[in-house]
Every structure is written in structure tokens, then in C-alpha cells.
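Peer 1: Sharing a structure here in C-alpha cells format.
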Amino acid sequence: MDKNMFSLEGKVAWVTGATYGIGFGIASALAKMGAKIAFNDRNQEKLEQGINSYKELGIEAFGKVCDVTKENEVKEFVDAVIEKYGHIDILVNNAGIIKRIPMVDMSCEDFRQVIDIDLVGPFICSKAVIPSMIKQGHGKIINICSMMSELGRETVSAYAAAKGGLKMLTRNICSEYGQYNIQCNGIGPGYIATPQTAPLRERQADGSRHPFDAFIVSKTPANRWGTPEDLQGPAIFLASDASNFVNGHILYVDGGILAYIGKQPQ
Ligand code: NAP
Ligand code: GCO
């Protein structure tokens, strides 16, 4: 057994949409294990904020504006990273949005935008890196799925459809490219405290907790929201040689939500 199996020294990791939130948490962890980091955002100003945030952690991250739904921007991004670092070993498809609208009230445009970013984006980014991973004889793709890859709930039809599709895209990349020593797995975070879920945790006018906040805590055996830091160990595992025979797997990091029917009435 190689005791350095979790090391990422010499590796180059691209984490999409990693200016803040879960992507920033994962990229920072991969950097601490030795990886060089490349990340993108749609917005130059936010990208620069992200570069500074990495610098504050002592991480010299390569950042470039790139919308994951735009094939030309993705190709330019990949070319820029390979020009700078020579290769991409790890892709984390993290960029994503959610729109919380009852399905019958949701416009086709809104539905399509969520699918475009959360499902087509990972397709575009994976397609852009797989050829070079085949050439180099190895690669790791980690798709950030969700509880909604398995469960539905009111108002998140587009998001659940996208994340359910992302689970199957993960399995298909595994099936099609596992022969080239490319491992494609997913991380399914539970409810994580980031800007994306801030609306679900906002204090009410009377200072009480948001009903959804209390609901999630009651549905989570760990009795708390997760943090991006909770995802760092699982991401390191799936990005490293420690997971070279793990493929097509969705690793749920949810504090036990998926295992739990919910607190019985007192
Ligand atoms: P977040 O705080 O909203 O961050 C999302 C990131 O994605 C932002 O940096 C955003 O950049 C970027 N992004 C959005 N659309 C993009 C595009 N078209 N091209 C490039 N970047 C884009 O979300 P988060 O909570 O960190 O979630 C990150 C991922 O985890 C998402 O895929 C989400 O679905 C998933 N997830 C989250 C939770 C949770 O509870 N938070 C749980 C399970 C899964 P901008 O600044 O440009 O918007
Ligand atoms: C929601 C939340 C969730 C989380 C996450 C759970 O509105 O239900 O945003 O979807 O983001 O995906 O795993």
C-alpha cells in the first residue's frame, strides 16, 4: 500500500465555479494536498475576488472567466490551463444554480437554464478534458450531484431533473471511459450552508429560524447543516489514487439524511 495514496502532488485540478461556496472549499482542499488549482467564474470581478481568496490561503490559483455552458469559452479555458500547467488530471464539475419555483409556474426558459448549467455544463466540460486524459493515461472527474439526484421536493423540478441526469452522466462517463483509467464519480452533498442555500436559512422577521432550516436539521441525523469543509475529505479521496478502483459511484455526504425516515412525533 502506498501511504501517499491521498497525495495530489504534481496534479492539476480544474474546479468549475469555484470562486466561493462548495467549489472553493473543494479546490482549497485539493491544493492543500499538493494540486495546482484552476477555476472559472462567469464574472471577472468575482473571479478576481476568488483569486484573492485563494491567495489568502496561500494558494496561487489560475482563474479565467468561463461560462460552463459556452463550448468556445470552455475550450479556451482548457487550452489556457494546459498551456500554463501542461495537463489537467482532475475535473470537478461544481458550477451550478437552482431556481425554486413551483413547476407549473416555471417558464421553459428558467427550466432550460437550470438544465443547461447543471447538466449540459458538466457534459461540455467533461467532453473538453477527456481526450487529454485518455492521452495521458489517467483522469478523475468528480460531478457535484445532490440529494435531489435521489429525492424530489416542491419547487425544484428543474434542479432535481438536472441532478438526476448528472448522476446518470456520471455512470455513463464511467462506463464509456473507465477503460482509459479515467474514474468518474459523484459527490452528493446534503444541505450545505453556502450562498445557494442562504434563502432557506434566513431568520424570520420575528427572529425565529426559517421553517426549512428547522426541517432540514430535523431530517439530518447529524442534527446540523453541512459545511463546504465536510466535503473536503470525500473530494480528496475521489481525486486521489486512493479511489483508482472506484468508478460510477455517487458518494453521499449528507450527515445521514438519505438513511433516515425522519424524527418520530414526540
Ligand atoms: P453557490 O454558492 O451558488 O456557488 C455556485 C458557483 O457556481 C458560483 O461560483 C457561480 O458563479 C458558479 N456558476 C453558476 N453558473 C455558472 C456558469 N454558467 N458558469 C460558471 N460558473 C457558474 O452554490 P454552492 O452551494 O457552492 O453549490 C455548488 C454546487 O454544489 C452546485 O452544483 C450545487 O448544485 C451543488 N450542491 C449544493 C448543495 C448545497 O446545499 N449548497 C448541496 C448539494 C449540491 P457566479 O458567481 O457567476 O454565480
Ligand atoms: C433546496 C436546496 C437543495 C440543496 C442540495 C441538497 O432548495 O432543496 O437548495 O437542493 O442545494 O442540492 O443536496
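Residue numbers (our numbering): 724 to 989.
All C-beta atoms, glycine included, are put in the ideal place defined by N, C-alpha and C.
1. Could you give the distance in angstroms between the alpha-carbon of Gly978 and the alpha-carbon of Met871?
2. Return the chain-ordered list of same chain residues with a C-beta closer than 6 Å to the C-beta of Gly901, the five sequence neighbours on each side being excluded.
3. From His861 to Arg823, what does the alpha carbon distance come to, in whole angstroms?
4. Provide the residue(s) that pair with Trp737 in DSSP beta bridges, ordered along the chain.
5. Going by DSSP, what residues sit across from Tyr777 in a beta bridge?
6. For Met728, count the other beta carbons within 10 Å of its own beta carbon; 16 or more makes it buried, fewer makes it exposed. Which is it?
7. Here's the rule: buried if 16 or more other CB atoms are within 10 angstroms of the residue's CB, otherwise exposed. What is Ser963?
8. In the DSSP output, which residue or residues are listed as bridge partners for Asn866?
9. For Leu874, which three-state DSSP category applies?
10. From the DSSP output, in three-state form, read off Tyr975 for me.
11. Please name the residue in Ile973, Met724, Ile760 whose C-alpha comes closest to that of Gly733.
12. Beta carbon of Tyr808: closer than 7 Å to some heavy atom of the ligand GCO?
13. For Asn866, I'd like the list of residues in its chain whose CB is within less than 6 Å of its CB, leaving aside the five on either flank, ordered along the chain.
14. Examine the ligand GCO and report whether any of its heavy atoms sits within less than 7 Å of the Cβ of Leu842.
15. Helix, strand or coil: which one does DSSP assign to Lys787?
16. With a threshold of 6 Å on Cβ separation, who are the neighbours of Val735 within its own chain once the five nearest residues in sequence on each side are excluded?
17. Find the nearest neighbour of Lys726 within the set Leu874, Leu974, Ala965, Val940, judged by alpha-carbon distance.
18. With C-beta atoms as the reference, is Gln955 less than 8 Å away from Ile782?
19. Rounded C-beta distance between Ala881 and Phe834? I'm assuming under 8 Å.
20. To which residues of the same chain is Glu877 closer than 8 Å at the C-beta, ignoring the five residues directly before and after it?
21. How big is the Cα-Cα spacing for Val827 and Asp839?
Peer 2: According to the structure shown:
1. The alpha-carbon atoms of Gly978 and Met871 are separated by roughly 15 Å.
2. Correct list, in chain order: Asn970.
3. Taking the Cα positions, His861 is about 38 Å away from Arg823.
4. Among the bridge pairs identified by DSSP, Trp737 is matched with Ala761, Leu814.
5. BP columns for Tyr777 are empty, so no partner.
6. Exposed, since its Cβ has fewer than 16 Cβ neighbours within 10 Å.
7. Label assigned to Ser963: buried.
8. Assignment of beta-bridge partners to Asn866 by DSSP yields Asn816, Gly909.
9. If DSSP states are grouped into helix, strand and coil, Leu874 belongs with coil.
10. If DSSP states are grouped into helix, strand and coil, Tyr975 belongs with the strands.
11. Checked all of Ile973, Met724, Ile760; the closest Cα to Gly733 is Ile760.
12. For the ligand GCO, not one heavy atom lies less than 7 Å from the Cβ of Tyr808.
13. Counting only Cβ-Cβ distances below 6 Å, and skipping sequence neighbours, we find Asn816, Pro845, Leu889, Thr893, Gly909.
14. No, the ligand GCO has no heavy atom inside 7 Å of this Cβ.
15. Looking at Lys787 - three-state DSSP - the assignment turns out to be strand.
16. Cβ within range, chain order: Lys759, Tyr808, His810, Ile811, Asp812.
17. Minimum Cα distance to Lys726 is reached at Ala965.
18. One thing to note: Gln955 has its Cβ no nearer than 8 Å to the Cβ of Ile782.
19. Indeed, because the Cβ distance is near 4 Å, the residues count as touching under 8 Å.
20. The residues Pro825, in chain order, have a CB closer than 8 Å to that of Glu877 in the same chain once the five nearest residues on each side in sequence are set aside.
21. It is roughly 19 Å from the alpha-carbon of Val827 to the alpha-carbon of Asp839.
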